[in-house]
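In our numbering, the protein residues as written are 181 to 705.
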């Protein structure tokens, strides 16, 4: 090997040695720390009341229209008659009667197989489940005549006989009397036969023969007579009349007018009822196309003080029934002719609705949740917020927060206080657009509890509610299907109809106000 190649080889070996030495003396760098995993969302605090694990909620995702949702509901609490063929019938004016642990709810059935809203029957022991009778208890006369249509009445037991007094509404204007009081009788509360020839006609004193209906009868064992109230008008003013009928029905004496409407211009005070709670005597009625009202007296059948409203226009034709569990108002929840309507809820007849009566210390009446219904909601559900409280601050624009879920049947509870003057409450999604929200709205400026459509631009109904800034209130809201009732303590009750909301979030909202909601809960059955 010559010197040239020897020098080249030596240089190469030296370079490799230097390179190896550099690598061997290199300080090791610590590896970059792994990115911390994202924190899992905090589990909602249960505050000692565990959440239920539920895997059988009805899936409404494929039911994209309010009508398809309505057809899918399985109503229980807010009873609705079974479909007749392809037609959905509804509950009209109710005639409740209680005996031996059973509430018999007679009602004018609208649609389906009912001829001219004949009287049908559903029974219940708890207002949670109902047994529906398929055949009419009393049918309108298919041949026409004085009872070609049947109107509201009542059932009373006199010794061993049951009487069903009802309104006979003539099938045409050719009859002298458009309405008379008629009767059927039976030996059980579920089977009646009409008593031909028996009737009460309007007294000549009232000067008209068209409006004379809705007999409400009670048996007075001490005098062995039936006391009856009837709604009528005199001189264009709505009145309630009183009659005394002998137990054998042979005599009926007109006792005069016991109540005259003094508010607004109501033509009739429909479905009147009288009863005693504590040491007070009450008269209730539904002013035609308006709301449920009541008046109070210290003596039977008046004189009555000024009438006051209970609930609003969507709870109608309610009458009183009393059992060991308390006193109740049993009526119907109004519906829309079209579930897709965003402008009104004005259809006649709907779902059965029951609220419990509470007598306040001053004698006023309040509607509160039925305890047996409330007790059904035992499964606590997780909210859409991490805690059971939230503070909502809002300016002129609506501020919405998703909090609850609209299951097929659910109950909401909570407390709130507010400090501003703007509106707040619950908002229900109709079609994903804020401007179509349906809201149960508390409005301090007008001291009202309202049902509003179209983000507040369309008022459906309202009732008075005492609202004070800084005061803590509690609320309960129960909804099944599209029917709901909101109770603000024993201050106010509002029956609502909310189509198209199932399976979607329920929001809390406010505008021009600051609201603190606490102890928020949602339960299903």
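We put the CB at the ideal spot given by N, CA and C, even for glycine.
Computed from a predicted structure; not experimentally measured.
Counting of Cβ neighbours within 10 angstroms places residue 265 among the exposed residues, the total staying below 16. Between the stretch 551-561 and the stretch 473-489, the count of C-beta pairs closer than 8 Å stays below three; the two stretches do not touch.
When DSSP states are grouped into helix, strand and coil, residue 247 belongs to the helix group. Residue 517: not part of any beta strand (DSSP E); DSSP gives it neither H nor E.
Residue burial is scored here from C-beta neighbours: residue 417 has fewer than 16 other C-beta atoms within 10 angstroms and is therefore classed as exposed. Of all C-beta pairs linking the stretch 324-339 to the stretch 286-301, three or more are shorter than 8 Å, placing the two stretches in contact.
The straight-line gap separating the alpha-carbon atoms of residue 498 and residue 697 is approximately 33 Å. The shortest C-alpha to C-alpha distance from residue 226 to any of 627, 581, 569 is the one to 569. Per DSSP, the unbroken alpha helix (DSSP H) holding residue 552 starts and ends at 551-554. Here DSSP, grouped into helix, strand and coil, assigns residue 499 to strand.
Taken atom to atom, the span from the alpha-carbon of residue 370 to that of residue 673 is near 33 Å. Take residue 560, set aside five residues on each side of it, and the residues of its chain with a beta-carbon closer than 8 Å to its own are 226, 229, 230, 231, 232, 701, 702, 703, in chain order. Take residue 605, set aside five residues on each side of it, and the residues of its chain with a beta-carbon closer than 6 Å to its own are 619, 620, 621, 622, in chain order. Linking residue 452 to residue 301 through their CA atoms gives a straight-line distance of about 20 Å.
Remark: C-beta atoms of residue 298 and residue 396 do not approach each other more closely than 8 Å.
Taking C-alpha positions only, residue 465 is separated from residue 636 by approximately 30 Å. A Cβ-Cβ distance of about 7 Å is found for the pair residue 337 and residue 399, placing them in contact under the 8 Å criterion.
DSSP places residue 385 within a helical segment (H, G or I) once states are collapsed to three. Residue pairing by DSSP places residue 426 opposite 405 in a beta bridge.
Residue 400 carries a strand assignment under DSSP once its states are collapsed to helix, strand and coil. DSSP places residue 492 in the coil class of the three-state scheme, outside both helix and strand.
Counting every other CB atom within 10 Å of its CB across the protein chains shown gives residue 613 a total below 16, marking it as exposed. Annotation: residue 643 to residue 408 spans about 30 Å, alpha carbon to alpha carbon. Bounds of the beta strand (DSSP E) holding residue 333 are 329-338. Distance from residue 638 to residue 629 at the Cβ level is roughly 16 Å; contact not present, criterion being Cβ atoms closer than 8 Å. Listed in chain order, the non-local C-beta contacts of residue 483 below 7 Å within the same chain comprise 477, local neighbours out to five positions each way being set aside.
Distance from residue 536 to residue 545 at the Cβ level is roughly 11 Å; contact not present, criterion being Cβ atoms closer than 8 Å. With distances taken between CA atoms, residue 515 lies nearest to 272 out of 442, 257, 307, 272. Within the same chain, Cβ atoms closer than 8 Å to the Cβ of residue 243 are found at 249, 252, 682, 683, the five residues on either side in sequence being excluded. Secondary structure of residue 625 (DSSP, three-state): coil.
Distance check between residue 511 and each of 582, 259, 607 places 259 closest, using alpha-carbon atoms only.
As the crow flies, the alpha-carbon of residue 423 is around 20 Å from that of residue 277. In the displayed model, residue 262 falls within coil according to three-state DSSP, outside both helix and strand.
With contacts defined by Cβ atoms closer than 8 Å, residue 391 and residue 356 do not form a contacting pair. Taking 8 Å as the cut-off, the Cβ atoms of residue 594 and residue 671 do not count as close. In the DSSP annotation of this structure, the continuous segment of the beta strand (DSSP E) that includes residue 271 starts and ends at 270-279.
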